Amino acid sequence: MMHSLILRASTRLLVSLILMFSVYLLIRGHNAPGGGFSAALVSGTAFFLYAVAEGADSVRQALRFDTRNLIVIGMLLALASGLTGLAAGQPFLTGLWWTLTLGHDYEIVLGTPLFFDIGVYLTVLGSILTLILALEES
Amino acid sequence: MNKTRYHYSDWILRSSALLPLFIFTYAATLVLPVMSDGPIRFDLPWVPGLDISLTFSIDGLSLLFMLIISSVGFFVTLYSVNYLHGHHHVDSFFLFLHAFMLSMLGLVTADNMMALFVFWELTTIFSYLLIGFEYEAERSRHSARQALLVTGAGGLALLAAFLLLQIITGTADISGLVGQASQLRSHPLYGAIFVLIALGAFTKSAQFPFHFWLPNAMAAPTPISAFLHSATMVKGGIYLLARFQPILGGTPAWTTTLMITGAITAVSSAVLALGQSDLKKILAYTTLTALGIMTMFLGGQATASLTAAMTFLLVHSLYKSGLFLMAGIVDHQTGTRQLENLGGLFTRMPFTACATVAACLSMAGFPLFFGFIGKEIMYKGALAETMCPQMAVSAAVLANALRTAVGGILIVRVFWGRPKPEHAAVKDASVFMWSGPVVLGGIGIVFGINPEWVGHWLITPAVRAFHMSSDHIKLEIFHGINMPLVLSILTITMGVCFYLFHRPLYLLLRGTVKRLPITTDQVYDGFISGVTGLGHLQNRLLQNGSLHRYLFIVLSTFVSLAGYTWLSRINVFPAWELPLMSIREWLLIALIMASVITVLATRILLLAICALGVIGTGLAILFLNYGAPDVALTQLLVETLTVVIVSIILLRLPALKRSEQPKQFKRLMDAILAGSAGILITSLLLAVLDVNPKHTLTAFFEQNSYLAAHGKNIVNVILVDFRSLDTLGEIIVVAAAGLAGFALIKQQRSKYK
Numbered sequence: 144m145m146h147s148l149i150l151r152a153s154t155r156l157l158v159s160l161i162l163m164f165s166v167y168l169l170i171r172g173h174n175a176p177g178g179g180f181s182a183a184l185v186s187g188t189a190f191f192l193y194a195v196a197e198g199a200d201s202v203r204q205a206l207r208f209d210t211r212n213l214i215v216i217g218m219l220l221a222l223a224s225g226l227t228g229l230a231a232g233q234p235f236l237t238g239l240w241w242t243l244t245l246g247h248d249y250e251i252v253l254g255t256p257l258f259f260d261i262g263v264y265l266t267v268l269g270s271i272l273t274l275i276l277a278l279e280e281s
Numbered sequence: 002m003n004k005t006r007y008h009y010s011d012w013i014l015r016s017s018a019l020l021p022l023f024i025f026t027y028a029a030t031l032v033l034p035v036m037s038d039g040p041i042r043f044d045l046p047w048v049p050g051l052d053i054s055l056t057f058s059i060d061g062l063s064l065l066f067m068l069i070i071s072s073v074g075f076f077v078t079l080y081s082v083n084y085l086h087g088h089h090h091v092d093s094f095f096l097f098l099h100a101f102m103l104s105m106l107g108l109v110t111a112d113n114m115m116a117l118f119v120f121w122e123l124t125t126i127f128s129y130l131l132i133g134f135e136y137e138a139e140r141s142r143h144s145a146r147q148a149l150l151v152t153g154a155g156g157l158a159l160l161a162a163f164l165l166l167q168i169i170t171g172t173a174d175i176s177g178l179v180g181q182a183s184q185l186r187s188h189p190l191y192g193a194i195f196v197l198i199a200l201g202a203f204t205k206s207a208q209f210p211f212h213f214w215l216p217n218a219m220a221a222p223t224p225i226s227a228f229l230h231s232a233t234m235v236k237g238g239i240y241l242l243a244r245f246q247p248i249l250g251g252t253p254a255w256t257t258t259l260m261i262t263g264a265i266t267a268v269s270s271a272v273l274a275l276g277q278s279d280l281k282k283i284l285a286y287t288t289l290t291a292l293g294i295m296t297m298f299l300g301g302q303a304t305a306s307l308t309a310a311m312t313f314l315l316v317h318s319l320y321k322s323g324l325f326l327m328a329g330i331v332d333h334q335t336g337t338r339q340l341e342n343l344g345g346l347f348t349r350m351p352f353t354a355c356a357t358v359a360a361c362l363s364m365a366g367f368p369l370f371f372g373f374i375g376k377e378i379m380y381k382g383a384l385a386e387t388m389c390p391q392m393a394v395s396a397a398v399l400a401n402a403l404r405t406a407v408g409g410i411l412i413v414r415v416f417w418g419r420p421k422p423e424h425a426a427v428k429d430a431s432v433f434m435w436s437g438p439v440v441l442g443g444i445g446i447v448f449g450i451n452p453e454w455v456g457h458w459l460i461t462p463a464v465r466a467f468h469m470s471s472d473h474i475k476l477e478i479f480h481g482i483n484m485p486l487v488l489s490i491l492t493i494t495m496g497v498c499f500y501l502f503h504r505p506l507y508l509l510l511r512g513t514v515k516r517l518p519i520t521t522d523q524v525y526d527g528f529i530s531g532v533t534g535l536g537h538l539q540n541r542l543l544q545n546g547s548l549h550r551y552l553f554i555v556l557s558t559f560v561s562l563a564g565y566t567w568l569s570r571i572n573v574f575p576a577w578e579l580p581l582m583s584i585r586e587w588l589l590i591a592l593i594m595a596s597v598i599t600v601l602a603t604r605i606l607l608l609a610i611c612a613l614g615v616i617g618t619g620l621a622i623l624f625l626n627y628g629a630p631d632v633a634l635t636q637l638l639v640e641t642l643t644v645v646i647v648s649i650i651l652l653r654l655p656a657l658k659r660s661e662q663p664k665q666f667k668r669l670m671d672a673i674l675a676g677s678a679g680i681l682i683t684s685l686l687l688a689v690l691d692v693n694p695k696h697t698l699t700a701f702f703e704q705n706s707y708l709a710a711h712g713k714n715i716v717n718v719i720l721v722d723f724r725s726l727d728t729l730g731e732i733i734v735v736a737a738a739g740l741a742g743f744a745l746i747k748q749q750r751s752k753y754k
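Protein sequence lines, in the order shown, are assigned to chains A and B. Take 144 as the starting number for the first sequence in our numbering and just add one per residue. Take 2 as the starting number for the second sequence in our numbering and just add one per residue.
Written as structure tokens, this is what we have:
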């Protein structure tokens with residue numbers, strides 16, 4: 144933890160921006176560069192920045208989750224998206240898609256791969272944070 | 002002991018005895034249908050891809066085992082509730098107990114060999130957990146490990162045998178093997194299969210020279226010894242031998258191996274039983290005797306001999322589990338299992354004493370007890386043998402005489418004689434504890450008086466299940482005055498003599514065992530310490546904790562193996578020509594090279610890390626330049642995080658001093674290794690380009706990415722859809738690495754604080 148006013152002030156701004164960018168990367172990943180893994184790395188840097196500025200304890204408080212639980216939730220989510228395919232009578236991890244039609248000509252395509260990607264995101268983020276916070280505290 | 006984590010009412014635990022009771026009732030209702038209509042089969046597909054299905058087949062042999070397992074299981078459950086009252090792991094005990102019982106039931110009913118193997122291993126694992134139940138004691142852990150390793154090794158031999166059988170015959174069902182028995186017996190691999198099956202059976206059923214684990218397994222709570230290590234699990238090997246009798250049996254190898262191993266086990270363990278003073282150890286050695294006798298008779302071919310094996314199986318299960326439960330009651334009530342500290346308990350615990358007398362008389366083979374029937378049929382079977390009946394008869398007589406003596410010792414030394422003053426306040430245990438021995442002993446008497454009945458309903462169907470023969474042996478109380486009767490009288494006379502001299506014999510045996518140059522137990526210990534010694538040695542060589550050593554080993558292995566394969570097999574060399582590059586690319590390469598030199602030259606760790614980051618970033622820009630934005634993005638992020646994480650660590654380390662720098666020679670070696678690894682990788686990558694890979698995959702992904710998977714970013718679609726199983730595996734690795742790293746960091750911190 145560094146006691147730097149400039150760092151702390153700019154961190155407040157930057158962290159939210161970086162986190163938003165990471166969610167953006169996660170969601171756009173299917174059609175443009177990005178995806179769960181890259182997005183997790185980005186948000187990992189955001190939390191690390193926060194840890195340097197405010198200390199690892201603040202990160203833990205802000206997260207409200209034990210970082211190790213993030214890993215578990217992520218893996219369960221990825222597994223669940225795979226099991227959905229299995230439940231629908233198709234091989235494990237087969238992608239299933241639903242098309243939601245909004246209004247006249249606007250439709251959203253949702254699929255289990257998105258949840259799989261979110262699972263990847265949470266797992267990777269949880270692993271990185273577990274390591275970084277432990278290191279920062281030691 | 003009184004630290005109960007969860008409080009279970011005794012009645013809740015007792016209600017779990019409904020499970021064995023239900024199974025017993027179910028098995029009992031099957032006796033008639035199986036007799037009239039043949040085996041009952043169930044078929045559940047399990048791993049269809051590997052042709053493994055949970056095929057169960059319940060025939061007479063399975064039924065006999067099912068009835069024994071469930072009845073003894075019922076009494077053991079009731080008994081354990083009181084025996085372990087207040088124990089802090091009572092919940093896991095009952096879990097293991099019933100899980101074991103179900104696996105054992107699976108073992109004796111499975112028809113598919115792979116299913117049988119899985120159940121076989123499950124019984125081994127639960128036996129391990131139950132022997133090591135009092136895991137705070139070093140002796141328990143040692144015994145549990147020993148039993149696991151010995152029977153587990155046998156289980157692997159069994160797996161090999163099953164695979165060979167499946168490859169040769171093309172069927173995985175035991176019932177399917179029977180039809181091909183004659184081809185199997187003349188197959189060149191018959192010897193190998195037989196040895197492997199025998200290894201599996203002999204380790205499980207504790208035959209010489211693998212017998213040593215069973216007496217050590219007495220570290221388990223006594224109800225477990227009664228259930229697993231006398232009535233059921235150790236009879237798994239006997240079951241296997243009986244099951245494979247019609248498939249592999251009848252050859253000279255089978256007969257001689259089983260008869261000689263069984264005879265050695267039976268006689269030697271019966272003698273050793275006299276040299277014990279711990280009740281449970283005495284019972285363990287006589288269990289070995291019984292298992293030896295069964296193995297010996299399963300080696301025979303005559304119907305009488307196989308009937309003897311099955312009859313004795315039932316006889317033994319009845320009296321031995323009762324005796325073990327008795328030993329547990331005595332231990333529970335008086336606090337000791339040593340013969341010299343016991344005596345005169347008859348008036349103090351009348352119910353237990355009566356049950357013990359019934360069980361011991363059955364063991365000694367007195368008329369009107371079931372043991373008598375078992376003994377008569379045993380002599381009949383031994384005399385009916387075509388191959389060396391003299392050996393079978395003499396081994397049986399000797400072993401039986403010694404068992405008679407043991408029966409006498411148990412009755413007289415524990416329940417007669419002068420009561421010990423310290424046991425003045427001892428009372429009989431609760432009804433739930435003595436009901437098991439009493440009922441089992443009572444069944445012994447009922448069966449002893451009605452042997453025709455038992456023979457008709459239980460024994461003959463069991464023998465018929467693995468022995469096709471028209472003649473069947475009737476069990477009778479009185480066969481008339483014949484050779485078996487004479488042998489019976491001889492046995493009892495010899496038994497009484499052994500009993501009269503049991504004290505000098507005990508001292509003599511104690512002395513002899515102490516003077517033995519080496520025991521099988523010591524051989525086992527030597528083997529285990531040899532293995533761990535080897536482990537320590539390779540740890541010192543390969544894993545000494547120095548990162549430098551690890552990298553050196555990994556890189557030199559890679560360079561030598563990959564380099565050898567490339568040069569000797571592939572023979573594709575890259576064309577060494579420089580492509581046309583723009584000024585921007587040249588500048589990037591110059592930047593990367595400069596950073597490499599900085600990394601090598603600097604002694605400031607932080608600078609080195611930053612320079613490494615520059616290399617990575619430079620590469621990312623190169624990727625971007627060649628149209629791989631996804632790779633570039635990931636590379637950039639990974640690079641950033643690496644620099645961040647490593648700098649946290651390095652900030653806590655002191656700068657390198659000149660004196661700490663490695664020696665010139667070592668540095669030269671490192672440089673050579675690093676250089677060759679780099680050159681090898683580069684050449685391999687360039688060579689790959691020249692191989693002209695087929696582009697069918699690329700075409701497939703290009704076509705299907707958007708239409709089938711609704712994604713325009715092919716890289717991501719591959720990751721989360723087409724190849725998502727790989728990704729799932731990768732995130733498991735990431736999670737494992739994160740948690741392992743966390744554990745390491747925490748451990749380091751607690752070490753230094």
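Ideal placement from N, C-alpha and C gives every residue a C-beta, glycine not left out. Please read these numbers as outputs of a predicted model, since none were measured by experiment.
Starting from the C-beta of residue i, find all residues in its chain whose C-beta is less than 6 Å away, skip the five residues before and the five after it, and write them out in chain order.
{"i": "B/Pro-49", "result": "none"}
{"i": "A/Leu-253", "result": "Trp-241"}
{"i": "B/Met-350", "result": "Asp-429"}
{"i": "A/Leu-243", "result": "Ile-251"}
{"i": "B/Met-2", "result": "Unreliable placement is indicated for B/Met-2, whose pLDDT of 41 sits below 50; the coordinate value is still reported in the next sentence. Nothing listed; no residue qualifies."}
{"i": "B/Pro-438", "result": "Gly-323, Leu-326, Met-327, Ala-356"}
{"i": "B/Leu-601", "result": "none"}
{"i": "B/Ala-116", "result": "Leu-55"}
With a CB to CB cut of under 7 Å and the five nearest residues on each side skipped, what residues in its chain are close to residue i?
{"i": "B/Leu-720", "result": "Thr-728"}
{"i": "B/Ala-199", "result": "Thr-258"}
{"i": "B/Met-102", "result": "Pro-21, Ile-70, Gly-74"}
Have a look at residue i and residue j and give me their C-alpha separation to the nearest angstrom.
{"i": "A/Leu-206", "j": "A/Ala-223", "result": "23 Å"}
{"i": "B/Leu-65", "j": "B/Tyr-320", "result": "16 Å"}
{"i": "B/Ser-751", "j": "B/Ile-649", "result": "19 Å"}
{"i": "B/Ala-18", "j": "B/Leu-108", "result": "20 Å"}
{"i": "B/Ala-425", "j": "B/Arg-504", "result": "26 Å"}
{"i": "B/Leu-307", "j": "B/Met-295", "result": "9 Å"}
{"i": "B/Arg-15", "j": "B/Asn-83", "result": "9 Å"}
{"i": "B/Leu-45", "j": "B/Ile-53", "result": "9 Å"}
{"i": "B/Gly-372", "j": "A/Thr-227", "result": "60 Å"}
{"i": "B/Arg-6", "j": "B/Pro-40", "result": "Confidence at B/Arg-6 is low in this model, with a pLDDT of 49, below 50, so its placement is unreliable and the value that follows should be read with caution. Answer to the nearest angstrom: the Cα atoms are 46 Å apart."}
{"i": "A/Ser-181", "j": "B/Leu-726", "result": "19 Å"}
{"i": "B/Val-455", "j": "B/Pro-222", "result": "32 Å"}
Going by the C-beta, is residue i closer than 6 Å to any heavy atom of the ligand ATP?
{"i": "B/Trp-417", "result": "Ligands displayed in this structure: none; no statement on the ligand ATP is therefore possible."}
Cβ contact check for the segment 233 to 240 of chain B and the segment 177 to 192 of chain B: 3 or more pairs under 8 Å: no
Give, in chain order, every residue of the segment 711 to 737 of chain B whose Cβ lies closer than 8 Å to some Cβ of chain A. His-711, Gly-712, Lys-713, Asn-714, Val-716, Asn-717, Val-718, Leu-720, Val-721, Asp-722, Ser-725, Leu-726, Thr-728, Leu-729, Ile-732, Ile-733, Val-735, Ala-736
With a cut-off of 8 Å, do at least 3 Cβ pairs link the segment 160 to 179 of chain B to the segment 123 to 138 of chain B? Result no; under three Cβ-Cβ pairs closer than 8 Å.
Tell me the start and end of each unbroken beta strand (DSSP E) in the segment 12 to 92 of chain B that is at least 3 residues and wholly inside, in chain order. 41 to 48, 53 to 59
Continuous alpha helix (DSSP H) assignments of at least 4 residues falling wholly in the segment 363 to 409 of chain B: 371 to 385
Counting Cβ pairs, one atom from each stretch, are 3 or more of them under 8 Å apart for the segment 460 to 474 of chain B and the segment 234 to 253 of chain B? yes
Quick one: which unbroken beta strand (DSSP E) runs of 3-plus residues sit fully inside the segment 626 to 674 of chain B? Chain order, please. none
When you check each C-beta in the segment 623 to 650 of chain B against every C-beta of chain A, which residues fall closer than 7 Å? Pro-630, Asp-631, Leu-634, Thr-635, Leu-638, Val-639, Thr-641, Leu-642, Val-645, Ile-646, Ile-649, Ile-650
Unbroken alpha helix (DSSP H) runs of length 4 or more, entirely within the segment 428 to 505 of chain B: which are they? 432 to 450, 452 to 455, 461 to 467, 484 to 501
What are the residues in the segment 203 to 215 of chain A lying within 9 Å of chain B by C-beta distance? Cβ contacts with chain B: Thr-210, Arg-211, Ile-214, Val-215.
Threshold first: 4 residues or longer. Then list the alpha helix (DSSP H) segments lying entirely within the segment 265 to 310 of chain B, N to C. 280 to 299
Runs of 4 residues minimum, wholly inside the segment 117 to 163 of chain B: which ones carry the alpha helix (DSSP H) assignment? none
With 7 Å as the C-beta to C-beta threshold (strictly closer), list the residues of the segment 41 to 60 of chain B near chain A in chain order. Correct list: empty, as no residue qualifies.
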